[in-house]
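Participant: I'd like to ask you about the structure that follows.
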């Protein structure tokens, strides 16, 4: 994997509109994106990725997928399918509704890199910015 740093993309208009229609009473992932916004940016992961090679899914998005996968106790295949098929996941990740996601093998390769520090990084950044606990 290579890293081409970027920020988490804004939620596309159509994704936001459909998500609000689908979840009129809210959803934890919509709330997370709306209240917390971006936990970190790709440059936080510069030491984990090569600057050479094929561009990959954003590390910020990948960490969020890993967090949702953990929260829902999903396999890598199920999590990759959720990225392709679930509106609330696309909303949190800032993806177009037509985004086809990625192959599950990306998660297999990424878990080892992220598991050691992603949750602590997320927690540290959130606490530093908001000084409030994350409630899911």
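Numbering (the numbering used here), first residue to last: 7 to 142.
Yeah, the Cβ is synthetic: ideal placement off N, Cα and C, and Gly gets one too.
Just so it is clear, the structure is predicted and the values come from calculations on it, not from any experiment.
#1: Apart from the five residues on each side of it in sequence, which residues of its chain come closer than 6 Å, Cβ to Cβ, to residue 114?
#2: Leaving out the 5 sequence neighbours to the left and right, which residues in its chain are closer than 6 Å to residue 26 when beta-carbon positions are compared?
#3: So, at 8 Å on beta carbons, what are the nonlocal neighbours of residue 16 in its own chain, with the 5 sequence-adjacent residues on each side left out?
#4: Taking all protein chains shown into account, decide if residue 28 is buried (16 or more other Cβ within 10 angstroms of its Cβ) or exposed.
#5: Taking just the CA atoms, how far does residue 93 sit from residue 19?
#6: Answer with buried or exposed for residue 107, where buried requires no fewer than 16 other C-beta atoms within 10 angstroms of its C-beta.
Facilitator: Here's the rundown:
#1: 82
#2: none
#3: 100
#4: exposed
#5: 13 Å
#6: buried
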